[in-house]
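Numbering (this note's numbering), first residue to last: 239 to 711. Think of the CB as a built atom: it goes at the ideal place given N, C-alpha and C, for glycine as much as any other residue.
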Amino acid sequence: MSSQDKEAQEDELLALASIYDEDEFKRADSAQGGETRICLELPQNFKIFVRGSPTECLQNSGYEYTICFLPPLVLNFELPPDYPSVSPPVFTLSSKWLSPTQLTALCKHLDNLWEENRGCVVLFAWMQFLKEETLAYLNITSPYELKLCHRETGQRRTSVFPLNAELDGCGAAGAATAQEEILDERAVQDVESLSSLIGEILDFDQAQQKKCFNSKIFLCSICFSEKLGSECMYFMECRHIYCKSCLKDYFEIQIRDGQVHCLSCPEPKCSSVATPGQVKELVGEELFARYDRLLLQSSLDLMADVVYCPRPCCQTPVMQEPGCTMGICSSCNYAFCTLCKMTYHGVSPCKVTVFHSLEKLMDLRNEYQEADEATKIFLEQRYGKRGIRKALEELESREWLEKNSKACPRCGTHIEKLDGCNKMTCTGCRQYFCWLCMGCLSRASPYGHFNDISSPCFNRLFQAMNVDAEDED
Numbered sequence: 239m240s241s242q243d244k245e246a247q248e249d250e251l252l253a254l255a256s257i258y259d260e261d262e263f264k265r266a267d268s269a270q271g272g273e274t275r276i277c278l279e280l281p282q283n284f285k286i287f288v289r290g291s292p293t294e295c296l297q298n299s300g301y302e303y304t305i306c307f308l309p310p311l312v313l314n315f316e317l318p319p320d321y322p323s324v325s326p327p328v329f330t331l332s333s334k335w336l337s338p339t340q341l342t343a344l345c346k347h348l349d350n351l352w353e354e355n356r357g358c359v360v361l362f363a364w365m366q367f368l369k370e371e372t373l374a375y376l377n378i379t380s381p382y383e384l385k386l387c388h389r390e391t392g393q394r395r396t397s398v399f400p401l402n403a404e405l406d407g408c409g410a411a412g413a414a415t416a417q418e419e420i421l422d423e424r425a426v427q428d429v430e431s432l433s434s435l436i437g438e439i440l441d442f443d444q445a446q447q448k449k450c451f452n453s454k455i456f457l458c459s460i461c462f463s464e465k466l467g468s469e470c471m472y473f474m475e476c477r478h479i480y481c482k483s484c485l486k487d488y489f490e491i492q493i494r495d496g497q498v499h500c501l502s503c504p505e506p507k508c509s510s511v512a513t514p515g516q517v518k519e520l521v522g523e524e525l526f527a528r529y530d531r532l533l534l535q536s537s538l539d540l541m542a543d544v545v546y547c548p549r550p551c552c553q554t555p556v557m558q559e560p561g562c563t564m565g566i567c568s569s570c571n572y573a574f575c576t577l578c579k580m581t582y583h584g585v586s587p588c589k590v591t592v593f594h595s596l597e598k599l600m601d602l603r604n605e606y607q608e609a610d611e612a613t614k615i616f617l618e619q620r621y622g623k624r625g626i627r628k629a630l631e632e633l634e635s636r637e638w639l640e641k642n643s644k645a646c647p648r649c650g651t652h653i654e655k656l657d658g659c660n661k662m663t664c665t666g667c668r669q670y671f672c673w674l675c676m677g678c679l680s681r682a683s684p685y686g687h688f689n690d691i692s693s694p695c696f697n698r699l700f701q702a703m704n705v706d707a708e709d710e711d
């Protein structure tokens, strides 16, 4: 190796190391060479297109993905002793998404660039060409169709992708037939299958977008502070950006209140919702477990074929068979009626005694009175005509008691006052009580309540009687 070649190689490698970061250029430890990873500059809204699904090719449908980054072209090179005075760099060019035919075309152009600049260092010119002109040179436009084809070349099968959606067949532009193509041994396509390629492209695109986001500065719309992207988070749908500290407080408040469906973008009138992964990144493990549990429960509540075990100590979700009113809990093995939530009673009608409160009795009456014929038949089959009639009679009795009687303050027995003074005696427990304030009276001196000047019922022993007399007059 001449001193001039050695000096030129060292200067070139040092220059490349100063221009590119470690992700783009890495010098070899044991030889005069290295590896460059070249990410292409894609047009805005660049799309890749795949016919059928990622696992099977169907001609009548397709999937389209908008991406900002494609996996890099990898140029591995080694500098011979007489470079650059005589020999060019020895290299291989590999890619995951370019076909061997396309890579062969690029290798030939790199050779042409060397011939044009023979005697001069050429690595920087190669890297600039690959970075800035690859798409135009190979006539790659958006949408770029990925389509796996196979062909036999001697004993070797080669996977080839067309240049774009408008090209048919498996070769690069200008190739007459697949059989006539001669592939360059330096061209390496590093891909196993179409499905794995799509996954790698999308994963790389997401990672690069996150890397770019983390390095920028954004203004949080909540605290109005400028922070690095690594300290911020954006909602996937709307791309509104807030700092993680503000979103953490916001999410924790909503989760503690049980509002797991309200973890949406704080921007007014924006309906974007945080993903579970974003929530997990911000809140603690305990709160995320609560969020996950409430989210599952709310989803189950929306499913018509899911009921909960009625036992208070269980509450396990139970799948309901179509047309069947029996549910069997997988946790406690309790067999229950999915309509009334009582122990399963077979074909017997549900007992109306489940409607213990006045409110539920009123709901049943209103539902029955406002129902059409089909719904009335269903309710009569569920509770039985006698059961519904009994419920309506009980409701009427309760309503009458609410209007015309009062409950004993000691035992709860309903007492109706027909006449007499306001000192009452319960027919059930014989307790004395005041009809006006419903307070219990002393058995030794029940009338002292009405004679005590500090009592709210002072001098009101016969108050209701006077009102009744006036009404009669």
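Short CB-CB distance (under 7 Å) between residue i and chain D
i: residue 587; result: No chain D appears in this structure, which consists of one protein chain only.
Residue i versus the options, residue with shortest Cα-Cα distance
i: residue 380; options: 303, 357, 425; result: 303
i: residue 345; options: 329, 354, 280, 360; result: 329
i: residue 435; options: 568, 577, 336, 574; result: 336
i: residue 453; options: 467, 660, 607, 442; result: 467
i: residue 481; options: 475, 311, 462, 447; result: 462
i: residue 537; options: 555, 526, 548, 263; result: 555
i: residue 353; options: 371, 377, 338, 323; result: 323
i: residue 512; options: 500, 506, 522; result: 500
i: residue 443; options: 642, 284, 672, 456; result: 284
i: residue 571; options: 317, 652, 548; result: 548
i: residue 602; options: 695, 585, 648, 627; result: 627
i: residue 423; options: 273, 629, 339; result: 339
i: residue 373; options: 569, 502, 307, 446; result: 307
i: residue 508; options: 477, 681, 497; result: 477
i: residue 333; options: 281, 438, 326; result: 438
i: residue 503; options: 471, 515, 531, 528; result: 471
i: residue 680; options: 582, 663, 584, 638; result: 663
i: residue 288; options: 301, 277, 279, 280; result: 301
i: residue 581; options: 563, 569, 568; result: 563
i: residue 716; options: 376, 566, 531, 248; result: In this structure the chain extends from 239 to 711, so residue 716 is not present and cannot be described.
i: residue 529; options: 491, 318, 244, 543; result: 491
i: residue 261; options: 440, 243, 309; result: 309
Cβ distance (whole Å) where residue i is taken to contact residue j below 8 Å
i: residue 254; j: residue 361; result: 6 Å
i: residue 605; j: residue 617; result: 7 Å
i: residue 315; j: residue 271; result: 5 Å
i: residue 649; j: residue 666; result: 5 Å
i: residue 660; j: residue 674; result: 5 Å
i: residue 634; j: residue 643; result: Incorrect: roughly 14 Å between the Cβ atoms, too far for contact.
i: residue 427; j: residue 341; result: 7 Å
i: residue 543; j: residue 558; result: 5 Å
Where the beta strand (DSSP E) through residue i begins and ends
i: residue 442; result: Where residue 442 is concerned, there is no enclosing beta strand (DSSP E), although the alpha helix (DSSP H) it sits in stretches over 432 to 453.
i: residue 345; result: Element bounds for residue 345: not the beta strand (DSSP E) but the alpha helix (DSSP H), 338 to 354.
i: residue 331; result: 328 to 333
i: residue 269; result: First-last for residue 269: undefined, no H or E at that position.
i: residue 465; result: 464 to 466
i: residue 545; result: 544 to 546
i: residue 426; result: 425 to 427
Residue i, DSSP secondary structure in three states
i: residue 615; result: helix
i: residue 250; result: helix
i: residue 500; result: helix
i: residue 284; result: strand
i: residue 310; result: coil
i: residue 573; result: strand
i: residue 473; result: coil
i: residue 561; result: coil
i: residue 457; result: strand
i: residue 627; result: helix
i: residue 524; result: helix
i: residue 512; result: coil
i: residue 609; result: coil
i: residue 369; result: helix
i: residue 289; result: strand
i: residue 378; result: coil
i: residue 276; result: strand
i: residue 717; result: As shown, the chain starts at 239 and ends at 711. That puts residue 717 outside it, with no answer to give.
i: residue 316; result: strand
i: residue 519; result: helix
i: residue 479; result: strand
i: residue 303; result: strand
i: residue 420; result: coil
i: residue 402; result: Low confidence applies here, because residue 402 scores a pLDDT of 42, under 50, leaving its location unreliable; read the following figure in that light. Three-state DSSP puts residue 402 in coil, outside helix and strand.
i: residue 644; result: strand
Alpha helix (DSSP H) segment containing residue i, residue limits
i: residue 494; result: 482 to 494
i: residue 712; result: Lying before the first or after the last residue shown, residue 712 is absent from the chain, which here runs from 239 to 711.
i: residue 384; result: Run containing residue 384: none in the alpha helix (DSSP H); it sits in the beta strand (DSSP E), 382 to 384.
i: residue 553; result: Taken as a continuous stretch (DSSP letters only), residue 553 belongs to no alpha helix (DSSP H), as it is neither H nor E.
Practice item. Please list the segments of the beta strand (DSSP E) lying wholly inside the region 662 to 702, counting only runs of 3 or more residues, in order along the chain. Key: Listed in chain order, the complete beta strand (DSSP E) runs (minimum 3 residues) inside the region 662 to 702 are 670 to 672.
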